[in-house]
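Structure, as structure tokens:
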Amino acid sequence: MSGLLDDLFEVLGNETRRRILEILAQEPAYLNQLSRELKVSQQAILKHLEYLQNKGFITSFVVEEGGTPPKKYYKLADQVVLFEELTRDLLDRMSALKKEFSQSTCSITINFDELSNRLNELTELSPSQRLKSVRQIVNEIEQKMEQVARIYAKLGELRLKALEIGREALKNGALEPEERRVIYRTLVMDEDELRDYFEQIVQEHKERAERMMRRLSEMFGLDFD
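If you read the sequence shown in this note's numbering, its first letter stands for residue 814, the second for the next number, and so on.
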């Protein structure tokens, strides 16, 4: 579980990976399905799926459906489902926490190795001592999680404010509506997502141009070769 926590912020900071996890939290999905729902190329989705699987956030399984080629599905790993269940109540309180959180600065230190070592040492205790220590450690972890939730909620508020400033800046520029939409979407992308997104745009325009050329060829007998 500590390994998942170590990687959690990196995953949450990437919009595509976060949206993949949101979809898989509802039900298992396959590559083409995720690509269609997220409007991201299959190649880019596959890269994110491999990352999430290597980090232990998701697992995959193959389903054979009556005569069709086997299809690989992805789902949340069991430990991630457990983690989500343990933190659901905390996340539900984030809106309330955001209202309470008014500090201009905040810092938090989490020693994952120290917590992990304390958990490993519990096996040496008697059952009654073990239960008492588990309760204490769980309470400490929940306090840290609440601090993280407060920080995450505040950062989310600042993120929305920054995006609104970006939206206003785009309104004042001499851009077409489609150009504004594309540029605004890129504000929430990292470099890899940005590269994948523009590759997808280029591919879509190429396919659109090819379809138009075929139609013109069929209608007017034109040869574009």
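No residue lacks a Cβ here, since even glycine has one placed at the ideal position from N, Cα and C. Being a predicted model, the structure only gives us computed values, none of them experimental.
Could you tell me the boundaries of the alpha helix (DSSP H) in which Ser848 lies? The residue you call residue 848 lines up with position 35 of the sequence shown. Run containing Ser848: 844-851, per the alpha helix (DSSP H) assignment.
Would Leu1000 and Gly969 be called neighbours here (beta carbons separated by less than 8 Å)? Stepping through the sequence shown from its first residue, residue 1000 is reached at position 187. Stepping through the sequence shown from its first residue, residue 969 is reached at position 156. Against a cut-off of 8 Å, the Cβ pair of Gly969 and Leu1000 comes out as no contact.
Ile871 lies in the beta strand (DSSP E); which residues open and close that run? Within the sequence shown, residue 871 is the residue found at index 58, counting from 1. Residues 871-876.
Output yes or no for whether 8 Å exceeds the beta carbon distance between Leu935 and Val947. The residue given as residue 935 occupies position 122 in the sequence shown. The residue given as residue 947 occupies position 134 in the sequence shown. For Leu935 and Val947, yes; Cβs fall inside 8 Å.
The beta strand (DSSP E) with Lys984 in it runs from where to where? Numbered from its first residue, the sequence shown carries residue 984 at position 171. Unbroken run through Lys984 is the alpha helix (DSSP H), 940-984; no beta strand (DSSP E).
Is the separation between the beta-carbon of Leu865 and that of Ile858 shorter than 8 Å? Locating residue 865 in the sequence shown gives position 52, counting from the first residue. Locating residue 858 in the sequence shown gives position 45, counting from the first residue. No; because the gap between Cβ atoms is not below 8 Å, this pair is not in contact.
Going by C-alpha to C-alpha distance, which of Arg943, Gln846, Lys852 sits closest to Gln1016? Residue mapping note: residue 1016 aligns to position 203 of the sequence shown, counting from 1. Taking only the C-alpha atoms, the option nearest Gln1016 is Lys852.
With DSSP as the reference, label Leu1029 as helix, strand or coil. On the sequence shown, residue 1029 is found 216 positions in, with the first residue counted as 1. Of the three classes helix, strand and coil, the one that applies to Leu1029 here is helix, per DSSP.
Quick check: Leu983 and Ile964, are their CB atoms within less than 8 Å of each other? Within the sequence shown, residue 983 is the residue found at index 170, counting from 1. Within the sequence shown, residue 964 is the residue found at index 151, counting from 1. Result no, Cβ atoms of Leu983 and Ile964 do not sit closer than 8 Å.
I need the straight-line Cα distance from Leu834 to Asn845, nearest angstrom please. Along the sequence shown, one-based indexing puts residue 834 at 21. Along the sequence shown, one-based indexing puts residue 845 at 32. Their Cα atoms are separated by approximately 15 Å.
Go ahead and pull the three-state DSSP assignment for Leu928. The count along the sequence shown starts at 1 and reaches residue 928 at position 115. Correct three-state label for Leu928: helix.
Could you check how far apart the C-beta atoms of Ser854 and Asp1003 are, in whole angstroms? I think they sit under 8 Å. Here residue 854 corresponds to residue number 41 of the sequence shown, with the count starting at 1. Here residue 1003 corresponds to residue number 190 of the sequence shown, with the count starting at 1. Actually they do not touch by this definition, with Cβ atoms about 15 Å apart.
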